[in-house]
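Written out below as structure tokens is the structure these notes cover.
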Amino acid sequence: MSLETVQTDAEGYLANRDDWSEELAQEYATQMGIELTDEHWKVINTARAIEAESNSSPGLRKISKRSETPIKAIYQLFPDGPAKLVAKIAGIPKPKSCL
Amino acid sequence: MKTILILGAGTAGTAIAHKLRRRLSNEWDVAVVDPSSTHLYQPGLLFLPFGDETEERILRERGSTLGKGITWHQRTVHAIDAERRRVEVVEGEPLSYDFLIIASGTEVRPDMIDGMLGDGWRKSVFDFYTLEGAKALQKALANFEGGRLVLNIVEMPIKCPVAPLEFAFLADWYLTKRGIRDKTELVYATPLDGAFTKPLASKTLGYLLENKGIQVETEFMTGEVDSEKNVIRSYDEREVPYDLLVTIPPHMGAGFLEDSDLADELAFVATDPHTLAAKNAERVFVIGDATDLPSSKAGSVAHFQADLMTENILRAIDDKELEPSFDGHSNCFVETGHGKAMLIDFNYETEPLPGQFPIPGIGPLPLLKECRRNHWAKRLFRLVYWHALLPARPIPISPTMSLAGKQLSAAAELGGE
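Written as structure tokens, this is what we have:
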């Protein structure tokens with residue numbers, strides 16, 4: 001499945017997390033002008049793992065602690081708003097509040 | 100004698116203690132562990148900074164909130180030893196248990212942000228999630244003569260996620276009454292991508308920010324408070340200047356859960372979202388703000404969980420399978436200022452919807468819509484809290500969410516959740 005055929009919500013996030021694949025993540029990243037390195041993958045996989053176990057998209061501090069990547073470094077890896085970019089590439093919902 | 104040990108006697112711990120005391124025989128000791136001698140009605144902290152609430156009305160002696168038949172160990176927890184089924188305390192013998200309920204809540208941690216506790220702390224930088232912070236802020240607001248008033252959520256999750264927004268609305272009202280609204284820029288800086296993040300709320304409630312002239316700084320993750328220059332600085336080097344900063348610092352679980360196998364990186368306990376059992380230990384349950392669940396960290400959630408958890412603990416005692424009954428139900432009044440409030444009712448799956456919320460004996464209250472009745476219901480809620488919620492007397496709201504009165508079509512039209 002590619003970004004052209006996969007189901008997304010109004011803001012372009014994956015509608016079903018099970019549709020996610022590494023290829024899809026690559027496509028999202030390319031679209032954002034990000035070349036994925038091992039450092040990126042560590043952050044992405046951590047975000048996916050936390051979301052799977054807690055049913056909610058994690059904040060950056062939790063991702064940072066678990067992936068042992070300083071928040072500042074996450075900003076360098078994913079410029080222009082890492083909270084949303086990481087969620088989009090990782091195929092999980094954007095971080096939300098209750099209202 | 101068998102023991103149910105409850106760590107923390109806040110809203111969740113106190114309510115579940117009362118519930119279990121009523122349902123269990125005298126062969127059970129129902130015991131809470133809490134070092135603090137007072138119980139704080141936390142929703143009152145929203146009104147205290149504006150002089151609309153008093154310390155006397157929101158603080159009670161802990162003993163008076165626990166009542167007969169509940170043991171109170173006034174101790175500080177050091178660690179949980181789940182294998183040996185006991186809790187180590189800072190001074191004294193370890194406390195053994197048959198079942199453990201973690202109700203130790205969450206704490207604000209201004210120490211986690213560079214400069215937050217610097218020279219400006221409680222001079223120009225305030226929190227209102229603590230009694231001391233709210234009291235100090237009351238004085239600062241009374242002396243405020245205009246300038247930039249900045250509300251800042253450092254990161255999620257936080258207690259009562261709508262409280263910062265309510266604070267901004269109430270500040271607009273307060274400054275208007277004092278005749279200095281036109282001399283004040285009101286700014287709301289959030290790490291999320293909007294003040295409202297759910298599809299329906301974003302669409303229908305944006306007018307509140309616009310009408311009240313509240314500026315929103317989005318995706319702002321505070322890395323530093325610079326109280327020499329009076330700016331907050333984000334990780335991507337944006338600066339928001341302030342004259343008065345009202346910050347909601349990062350939240351973490353209780354200190355004794357940091358680095359525990361039971362908890363995550365922020366010391367929130369890994370919890371089954373439906374049975375409320377701890378994921379990483381036997382005979383341990385988790386209630387209220389201490390969980391890592393995506394449900395709101397709010398008093399109503401603790402109340403609903405207490406209802407459902409009581410049944411599950413009785414099942415566990417009888418060696419029966421737990422019911423996956425908790426659905427993330429939350430029910431909150433949202434102050435919008437000028438004597439009005441909204442009511443929102445939602446769960447894990449259903450976002451806050453418009454409609455009417457039926458309450459037997461009281462009548463329907465409008466959902467996701469401002470009205471005066473909701474404001475008065477919120478103000479009267481303090482009495483419901485002390486007299487019904489804490490002692491876990493029945494209130495006429497189901498612990499699981501009901502769709503009765505809700506306009507499902509509203510979400511469908513938006514393609515929302």
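These protein sequence lines are chains R and E, in that order. In terms of the working numbering, the first sequence has 3 at position 3, counting the first letter as 1, and numbering is strictly consecutive. In terms of the working numbering, the second sequence has 380 at position 281, counting the first letter as 1, and numbering is strictly consecutive. Note that the Cβ used here is the ideal one computed from N, Cα and C, for glycine as well. None of the values given here were measured: they were computed from a predicted structure.
Taking a C-beta distance under 7 Å as the contact criterion, L269(E) and G436(E) qualify as a contact pair. In this chain, the alpha helix (DSSP H) harbouring I89(R) covers 82-90. Contact of Y75(R) with chain E by beta-carbon distance below 7 Å involves Y334, D335. Here the C-alpha atom of K302(E) lies approximately 46 Å from the C-alpha atom of G166(E).
Remark: C-beta atoms of E254(E) and P290(E) approach each other more closely than 7 Å. In terms of beta-carbon proximity, K88(R) stays away from the interface with chain E, with every pair separated by 7 Å or more. Taking each of C98(R), I34(R), I74(R) in turn and checking the Cα distance to D335(E), the smallest one comes out for I74(R). By the beta-carbon neighbour count (other beta carbons within 10 angstroms, threshold 16), G109(E) is buried. Separation of the CB atoms of L442(E) and F456(E) is rounded to 6 Å, and the pair is thereby assigned contact status at 8 Å. Judged by DSSP secondary structure, I179(E) falls within the beta strand (DSSP E) whose first and last residues are 176-180. Chain-order list of chain R residues neighbouring P260(E): S97, C98, L99, by C-beta distance under 8 Å. When the Cα atoms are used, A130(E) and I201(E) turn out to be separated by approximately 12 Å. For K62(R), the enclosing alpha helix (DSSP H) begins and ends at 60-67. When secondary structure is reduced to three states using DSSP, V368(E) falls in the strand class. DSSP places N446(E) outside any alpha helix (DSSP H), giving it a letter other than H or E.
Sixteen is the threshold: since fewer than 16 other Cβ atoms of the shown chains lie within 10 Å of the Cβ of P495(E), the residue is exposed. Using a CB distance cut-off of 7 Å, D406(E) does not count as an interface residue toward chain R.
CA-to-CA, the gap between L307(E) and L392(E) works out to about 29 Å. Here E450(E) is near K297(E), since their CB atoms are less than 7 Å apart.
Against E364(E), the close residues of chain R are K62, K65, R66, in the order they occur along the chain (beta-carbon pairs closer than 7 Å).
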